[in-house]
Every structure is written in structure tokens, then in C-alpha cells.
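The numbering of the sequence shown is the numbering used here, which starts it at 285 and goes up by one.
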Amino acid sequence: MKLVRKIQINIDLPTAEQRKEVRHKLYQWQDRCFRASNLIMTHLYMQIMIKDLFYLSEGIKYKLVDEKKDIEGILQGSHSNSTYRMLSKRFKGEIPCNILNYLNHELITRFKKNYMDYVNGTRSLDNFKPNAGFLFGTEGFKQLHYSEEKKAFCFRLFQIPFRAYLGRDFTDKHALLQQMIDGKVKLCTSRMKLEKGKIFWMPVFEVPKEAHRLKPEIIAEVSLSLEHPISVRIGKNTLQIGNKEEFLHQRLAIQAAHARTKAAVSYCRGGNGKERKLKALDRFKGMESNYIASRLHEYSRRLIDFCVKHQAATLVLLDMQENTEIAKEEQFVLRNWSYYELMTKIKYKAEKVGIELITS
């Protein structure tokens with residue numbers, strides 16, 4: 285299975301001038317990927333919709349194949365190569381071709397997935413933001429090693445030296461990077477993103493599933509609710525994970541504090557634009573989502589550990605359809621119960637240890 289991690293990295297160059305130059309180059313790559321993404325989607329849409337342009341003359345060809353392979357073809361190469369040639373011609377020398385190649389492949393795959401929705405008009409074309417980052421393959425990624433002198437993992441990307449900043453890492457990032465050096469874990473296509481002056485590397489690791497002695501005849505029954513986020517029963521063994529005070533009340537407290545601060549912002553001293561005015565409000569940005577993500581990670585982890593401890597090979601989520609209908613009808617429940625996010629985390633952790641997940 286594949287795991288994605290978000291790691292902050294720094295440019296490993298001695299002088300500030302060199303780091304500034306590289307940072308400018310990375311921002312340029314991100315900008316070119318932003319523009320290229322929108323261009324790719326536009327060209328792909330134009331190609332498939334050209335036959336619907338009935339107001340063109342009857343002699344217009346519209347078959348999306350190489351003209352050398354079919355006399356009715358309108359392309360000078362393969363369908364996928366047409367957009368890559370456009371990108372290469374427009375951005376040649378401004379960004380590594382490896383990045384353009386992986387970007388082109390990813391967007392063509394996404395376009396094919398949503399093809400019928402585009403044709404029927406039930407979905408608009410994807411719109412990309414300037415800070416979406418850029419993809420790259422393993423070809424430009426070299427020399428990953430742990431430097432004892434710098435006490436950090438170092439590597440080169442397209443000949444640019446970087447070092448990872450893990451801080452007080454309580455997750456598995458350090459272990460995954462070390463396993464990658466040892467050849468136990470494979471690196472797949474990764475992404476780099478620049479936001480708020482920081483550089484983030486989002487590697488995708490291909491790891492083997494954890495081996496546990498699970499028994500197919502043992503089934504874990506799980507129910508989700510606001511009162512107790514997770515309740516699980518395996519035979520005679522039961523466990524309630526989390527409680528209303530810990531999950532819901534803390535969430536409502538953050539919302540109330542945000543509302544109070546927002547109401548008082550108009551009385552804050554200004555003088556330097558909106559940033560000064562909104563300074564008190566900025567500390568709440570992401571506070572609620574970060575708290576909930578942290579709680580749900582802990583709850584789902586405790587659930588899977590409980591299943592592994594009792595050797596349950598199957599995990600059944602009970603009354604999911606009923607809970608979904610309740611959430612749709614009750615606005616309060618829909619706003620404050622992170623049902624889908626908890627489901628996603630349970631599914632990912634269950635797959636990692638080899639537990640089959642069933643919803644009812």
C-alpha cells in the first residue's frame with residue numbers, strides 16, 4: 285500500500301544569496317505547473333469537444349489519433365503526446381521536463397476518469413490554484429542519506445541540495461526515510477509545495493502491509509456516534525473510544541471563541557491594513573480542523589490496535605446508512621460530527637494491517 289507524508293525541507297546551501305536564487309527558481313516551477321495544468325485541461329477538453337462544433341465546415345476532421353496511423357486523424361502524434369508537446373514548446377528551459385511529463389500523465393488520467401461528466405455537462409473543468417505545487421518522479425531524486433554532521437536527512441532534487449526538517453518527530457517519518465535508504469521502502473511519484481515561505485515535500489512511500497496473526501472467524505462490530513465517537517465489540521470484549529466532552533465540547537468551545545473574537549475584531553487597533561486588524565483572529569485559523577484531525581487519528585489508531593490485539597480479521601461498521609441520513613437531516617450533527625473523515629482514517633489504517641472493512 286502507499287503512504288503519503290508531509291515533510292518540511294530547507295535548501296542546503298551556504299549563503300543567503302544562493303538560497304534566495306534557488307527559492308526563486310522553485311516558485312517559478314510552481315507557477316509554470318499552475319499555468320500548465322490549466323492549459324492541459326483546456327486542450328484536452330477542446331480535443332474531445334471539437335466534433336460538437338457543428339458550425340465548422342463539413343471538411344473538418346475530428347478523429348483524435350495520429351494522422352500517420354489514420355487518414356482521418358488530426359494529431360501530429362499520440363493523444364497524450366499532443367499536450368506534452370504543447371507544454372514543452374511553451375515552457376522549455378523554464379522547468380525540468382520530468383515535472384511536465386508527470387504533470388501531463390496525472391492530468392490525462394484524471395481527465396479520462398471524469399470524461400463522461402465533461403461530455404454530458406454535469407461537471408466543469410478542474411481549476412487549479414497557484415500554490416498547488418508540482419509533481420516529480422524518482423529520476424531527479426538522488427543521494428538520499430542521513431548526515432551525522434547536520435543531524436538531518438539530505439538529498440538532491442534536480443541537482444539542488446535539500447535537507448529535511450523533522451523537528452520533534454512523533455510520527456513515522458524518520459523511520460520511513462531510514463527504511464527508504466535501506467531499500468525496505470520504495471519511493472513513488474512525489475510532490476513539492478511552497479506556501480507561506482516554507483517548502484514542503486510530500487513523498488509517496490510504497491510499503492508492504494503489516495503482518496499480523498488475524499483470525500477470519502473473529503469479527504469486530506463498530507458503531508459511530510456523537511456521544512461516543514467509536515464503540516467496538518469483539519465477542520465479550522467491548523471498548524468505547526473517546527467521549528462527548530473530549531470531542532464535541534472542545535470543538536464547540538473553539539467555535540465559540542472564534543465567534544467572540546470575530547465580533548470584537550472591529551474594535552482592534554488598525555493602522556497597517558487588515559493584517560493588524562485580523563491579527564487576533566489569525567490564531568484560530570486551522571485550530572478546529574487540526575484538533576479534530578488529531579483526535580480522529582488517535583481514535584482510529586486505538587480501534588485498529590484493539591482489533592489486532594483480539595485478532596479480528598473483519599471490521600463491520602454498523603448502521604452507516606441510518607447515521608448518514610440522520611447527519612443529512614440534522615444541521616448540528618452535519619456540522620460537528622466528522623463522520624466521513626473518521627471513516628477514511630479507519631479504512632486506511634485497517635488496510636495497512638490487513639483487516640477487511642465492511643459497512644452496513
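Where a beta carbon is used, it is the ideal one built from N, C-alpha and C, also for glycine.
Return yes when the Cβ of residue j is within less than 8 Å of the Cβ of residue i, no when it is not.
i, j, result
"R535", "E559", "no"
"Y399", "T473", "no"
"L384", "Y329", "no"
"L580", "E511", "no"
"R289", "K468", "no"
"I630", "L587", "yes"
"A504", "V600", "yes"
"I291", "R303", "no"
"Y583", "I525", "yes"
"L471", "P445", "no"
"S507", "L602", "yes"
"K434", "R452", "no"
"F418", "R475", "yes"
"C552", "K546", "no"
"L391", "M464", "no"
"F420", "L523", "no"
Cα-Cα, which of the options is closest to residue i?
i, options, result
"A311", "V488, S550, K480", "Note that residue 311 corresponds to Tyr in the displayed sequence, not to Ala. Ranking V488, S550, K480 by Cα distance to Y311 puts K480 first."
"L323", "F395, K286, V288", "F395"
"L460", "V491, G451, E529, C552", "V491"
"V403", "F446, M333, P445, K426", "M333"
"R374", "D401, S321, F420", "S321"
"A416", "A300, K477, T393, L391", "K477"
"E501", "W313, I639, H308, S644", "I639"
Please state whether DSSP places residue i in a helix, a strand or coil.
i, result
"M285", "coil"
"I588", "helix"
"I687", "A query on residue 687 cannot be resolved here, the shown segment of the chain reaching from 285 to 644 and no further."
"T367", "helix"
"I518", "strand"
"A416", "coil"
"F568", "coil"
"R535", "helix"
"N294", "strand"
"F395", "helix"
Leaving out five residues on either side along the sequence, give the residues of the same chain with a beta carbon under 6 Å from the beta carbon of residue i.
i, result
"Y430", "F437"
"F442", "P380, G424"
"L498", "Q595, A597"
"Y368", "N388"
"T455", "none"
Residues in the same chain with beta-carbon distance under 7 Å from residue i, minus the five sequence neighbours each way, listed in chain order, please.
i, result
"H542", "F568"
"P414", "D315, F318"
"K482", "Q292"
Cβ of residue i within 7 Å of any heavy atom in the ligand COA?
i, result
"L371", "Of ligands this structure carries none, so the ligand COA is not represented either."
CB-CB under 8 Å to residue i, same chain, minus the five flanking residues each way: which ones, in chain order?
i, result
"E635", "M285, K493, L641"
"T406", "none"
When DSSP builds the beta bridges, which residues end up paired with residue i?
i, result
"E479", "K482"
"V488", "V288"
"A504", "L599"
"S474", "F420"
"H429", "C438"
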